[in-house]
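K.L.:
In case it helps, my numbering puts the sequence shown at residues 16 to 364. Please see the structure below; I have some questions.
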Amino acid sequence: MTNGRCARRTVGLHSTALVSPQQVTSSISSPAARPKRVLVIHYSQTGQLGSVAEQIVAPLKADPAISVHVETLRPLADFPFPWPFLTFFDAFPESAHMKPPPLAPLSLTGDEEFDLVILPYQVWFLAPSQPVVAFLKHPLAQQLLRGKPVVTVIACRNMWLLAHEKLKGLLDAVGARLLDNVVLTDPGPTLATFFTTPAWLIWGRKRGFWGMPDAGLSAGQIRGAGRFGRALQEALHGDLERGSQPLLSGLGAVRADAKLLISEKAGTRSFFLWGKLIMAAGRPGAWQRKPLLLLYVAFLLVLIVTVVPVSLTLQALLRPLFKGWLTKMTVHFERPSGSATDRSPRYDD
16 MTNGRCARRT VGLHSTALVS PQQVTSSISS PAARPKRVLV IHYSQTGQLG
66 SVAEQIVAPL KADPAISVHV ETLRPLADFP FPWPFLTFFD AFPESAHMKP
116 PPLAPLSLTG DEEFDLVILP YQVWFLAPSQ PVVAFLKHPL AQQLLRGKPV
166 VTVIACRNMW LLAHEKLKGL LDAVGARLLD NVVLTDPGPT LATFFTTPAW
216 LIWGRKRGFW GMPDAGLSAG QIRGAGRFGR ALQEALHGDL ERGSQPLLSG
266 LGAVRADAKL LISEKAGTRS FFLWGKLIMA AGRPGAWQRK PLLLLYVAFL
316 LVLIVTVVPV SLTLQALLRP LFKGWLTKMT VHFERPSGSA TDRSPRYDD
């Protein structure tokens, strides 16, 4: 699918601090020490991102020296899953322009103090999901995140580069410090995911068809996300979140495919221009938008069948000429956590 969408529904996460009697010897395990406080900002569409977040947060919840608060974001008018066909595409104008609907009241007041913030998010039409954008534009976001270290977690199809650039801009606007970024992408072939991801989101069909693989992350990818939680647990015990260095380096946190950047830029421009036209026709759900949405879907299908294959072929032929640029872009988008895996054996389950 062209928008690199990821997915919803809360799985295994609760807005509370949960601990177990696990003993950890460190400077913060003393009875006199204040528990480290971790905020998890949570919104998941199909449950996939929720499963990833649960794996990461589980070691923190199990630690008596760490208190975890999960803030589940709830739009006033929630987004359905599976999505009705036109409702799905009706979300792209506001997603592309980062103009989300308001959230239901948060359980936080803004006076809380957290030592670390974990922000899992999905990519919607090459931009951060609307609920996460709504939170970062919420008046409380600056109070909660200013000066705080943030770990972002992405679970999506494969196009996330420009969405993360937009999210970094939102974090900068509230004064947050991005320490790490974790990215898990659909392991299926790119061409296959153009079909399997929409089938999952629109019809709820995750199982593969026509010889194509299942949509979404593999069970191994989700289970393997636990290594990030174990590394964060150790980092919190060493007060490393107070520094400026990434906490998840050497864990294979992110592998950037800079070859997709040209396609992302073209798609972003298309979503932006068409989105501006469709928003001018009315608010989300307005009948006046439907003819334009149908026209855009037709345009998109023609693009995928004709222009996209030609573009990919040309990019493959010209790639040797842009090797230096691709290497530079790869390094840029893999910051700050990187793709190295030298520390992974230490934290693998």
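Quick reminder that beta carbons are idealized off the backbone N, C-alpha and C, glycines included. All of these numbers come straight from a predicted model, not from anything done at the bench.
Per DSSP, what kind of secondary structure is Tyr-58 in: helix, strand or coil?
P.N.:
Residue state, collapsed to three classes: coil.
K.L.:
Any idea if Gln-128 is buried or exposed, counting beta-carbon neighbours within 10 angstroms, 16 or more meaning buried?
P.N.:
For clarity, residue 128 is Glu in the given sequence; the question names Gln instead. Flag for Glu-128 reads exposed.
K.L.:
Out of curiosity, what's the CA-to-CA distance linking Asp-317 and Arg-257?
P.N.:
Looking at the sequence shown, residue 317 is not Asp but Val. Their backbone Cα atoms lie some 50 Å apart in a straight line.
K.L.:
Evaluate Arg-304 with the Cβ neighbour count: other Cβ atoms within 10 Å of its Cβ, from every protein chain shown; 16 or more gives buried, anything less gives exposed.
P.N.:
Counting Cβ neighbours within 10 Å, Arg-304 comes out buried, since at least 16 surround it.
K.L.:
Between which residues of its own chain and Trp-289 is the CB-CB distance below 6 Å, once the five residues before and five after are set aside?
P.N.:
Excluding residues within five positions, the ones whose Cβ falls inside 6 Å are Tyr-311.
K.L.:
Classify His-84 as helix, strand or coil using the three-state DSSP reduction.
P.N.:
The answer is strand: DSSP assigns His-84 an E or B state.
K.L.:
Which residue's Cα is closest to the Cα of Ser-264: Ala-296, Asp-229 and Ser-352?
P.N.:
Among Ala-296, Asp-229 and Ser-352, the Cα nearest to that of Ser-264 is on Ser-352.
K.L.:
Going by beta carbon distance, what residues of the same chain come within less than 8 Å of Asn-173, once the five residues before and after it are set aside?
P.N.:
Excluding positions up to five away in sequence, the list reads Gly-19, Thr-200, Asp-201, Thr-205, Thr-208, Asp-272 and Leu-275.
K.L.:
Work out the CA separation of Ser-82 and Arg-245 for me, nearest whole Å.
P.N.:
Cα to Cα, the separation comes out at about 15 Å.
K.L.:
For Ser-41, which three-state DSSP category applies?
P.N.:
Note on Ser-41: pLDDT 42, under 50, position unreliable in the model; no value is reported.
K.L.:
Residue ranges of each alpha helix (DSSP H) run of no fewer than 4 residues wholly in the segment 98-146, ordered along the chain?
P.N.:
Within the segment 98-146, the complete alpha helix (DSSP H) runs of at least 4 residues are 100-105 and 107-111.
K.L.:
DSSP beta-bridge partners for Ile-169?
P.N.:
According to DSSP, which records beta bridges pairwise, Ile-169 is partnered with Tyr-136 and Val-198.
K.L.:
From the DSSP output, which residues share a beta bridge with Pro-164?
P.N.:
Its beta-bridge partners are Arg-192.
K.L.:
For Ile-237, which residues from the same chain have a beta carbon less than 7 Å from its beta carbon, with the 5 sequence-adjacent residues on both sides left out?
P.N.:
Cβ within range, chain order: Ser-66, Val-67 and Gln-70.
K.L.:
With DSSP run on the structure shown, which of helix, strand or coil describes Arg-304?
P.N.:
Helix, per DSSP.
K.L.:
Give me the Cα-Cα distance between Pro-228 and Cys-171, rounded to the nearest whole angstrom.
P.N.:
Rounded to the nearest angstrom, the two C-alpha atoms are 15 Å apart.
K.L.:
Under the rule that 16 or more other beta-carbon atoms within 10 Å means buried, what is Arg-334, buried or exposed?
P.N.:
Exposed is the call here.
K.L.:
Is Ser-110 buried or exposed, if buried means 16 or more other CB atoms sit within 10 Å of its CB?
P.N.:
That one is buried.
K.L.:
Count the other CB atoms within 10 Å of the CB of Ala-240; is the residue buried (16 or more) or exposed (fewer)?
P.N.:
Result: buried.
K.L.:
Where does Lys-51 fall in DSSP's three states?
P.N.:
Three-state result, Lys-51: strand.
K.L.:
Under DSSP, the alpha helix (DSSP H) around Gln-260 begins and ends at which residues?
P.N.:
First-last for Gln-260: undefined, no H or E at that position.
K.L.:
Which residue marks the beginning of the alpha helix (DSSP H) containing His-347, and which one marks its end?
P.N.:
Where His-347 is concerned, the enclosing alpha helix (DSSP H) stretches over 338-349.
K.L.:
Excluding the 5 residues preceding and the 5 following Ala-355 in the sequence, name in chain order all residues of the same chain whose CB lies nearer than 6 Å to its CB.
P.N.:
Excluding positions up to five away in sequence, the list reads Gly-265.
K.L.:
Can you tell me whether Pro-299 is helix, strand or coil according to DSSP?
P.N.:
Pro-299: coil per DSSP, three-state reduction.
K.L.:
So Thr-212 is in the alpha helix (DSSP H); what residue range does that whole segment cover?
P.N.:
Thr-212 -> alpha helix (DSSP H) spans 205-218.
K.L.:
Beta-carbon within less than 7 Å of Leu-292's beta-carbon, same chain only, minus the 5 sequence neighbours each way: which residues are those?
P.N.:
Closer than 7 Å at Cβ, skipping near neighbours: Leu-307.
K.L.:
Take the Cβ of Thr-211 as the centre, count every other Cβ of all protein chains shown within 10 Å, and call the residue buried at 16 or more, exposed below.
P.N.:
So Thr-211 counts as buried.
K.L.:
Apply the 10 Å Cβ neighbour rule to Thr-124 and answer buried if 16 or more other Cβ atoms are within range, or exposed otherwise.
P.N.:
Its Cβ having fewer than 16 others within 10 Å, Thr-124 is exposed.
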